[in-house]
Amino acid sequence: IMSIRNTKYNYFSYNGKYFHQVHGGAMGSPLTLTIANCYMFFYERDIVKQVNNSNGLYLRYIDDIFIIINWPIQHLSKQINRWNKLELK
């Protein structure tokens, strides 16, 4: 329960000012790592299908994605913009 509570109340100080983190979890927290992996598992499903169907390479480490694919730059830019708007429902 304490770990769940810590994801809700994240405060930090920067340059002498205090901030309340509204979205996301604390960096370095084991719980945040697990949540990031679960989120990415569901988030990446459509992306992996598209890349694999195009004989591309898709690699991920935690929440970083590396893609090698032979698409025209216009199509790649369009897809990246679409992927950036994806949200889990």
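Residue numbers -8 to 80, in the working numbering, belong to the letters of the sequence shown in order.
Here a beta-carbon is modelled for each residue, glycine too, at the ideal position from N, C-alpha and C.
Backbone secondary structure at TYR48 - three-state DSSP: At residue 48 the sequence reads Leu, which differs from the Tyr that was named. Strand at LEU48.
So, are the CB atoms of VAL42 and ILE53 less than 7 Å apart? no
Residues of its chain near ILE(-5), where Cβ-Cβ distance is below 8 Å and the 5 sequence neighbours each way are ignored: No answer about ILE(-5) holds up, because its pLDDT of 46 lies below 50 and its placement is not dependable.
N-terminal and C-terminal residue of the alpha helix (DSSP H) that SER68 is part of: 64 to 75
Taking DSSP as the reference, what is the three-state secondary structure of ILE38? helix
Rounded straight-line distance, which links the Cα of ILE38 to that of ASP55: 13 Å
Reduced DSSP secondary structure (H/G/I, E/B, other) of ASN1: strand
Separation of ARG51 from SER68, as counted between CA atoms: 19 Å
Could you tell me which of PHE57, HIS11, ASN1 and SER4 sits nearest to GLU35, measuring between CA atoms? PHE57
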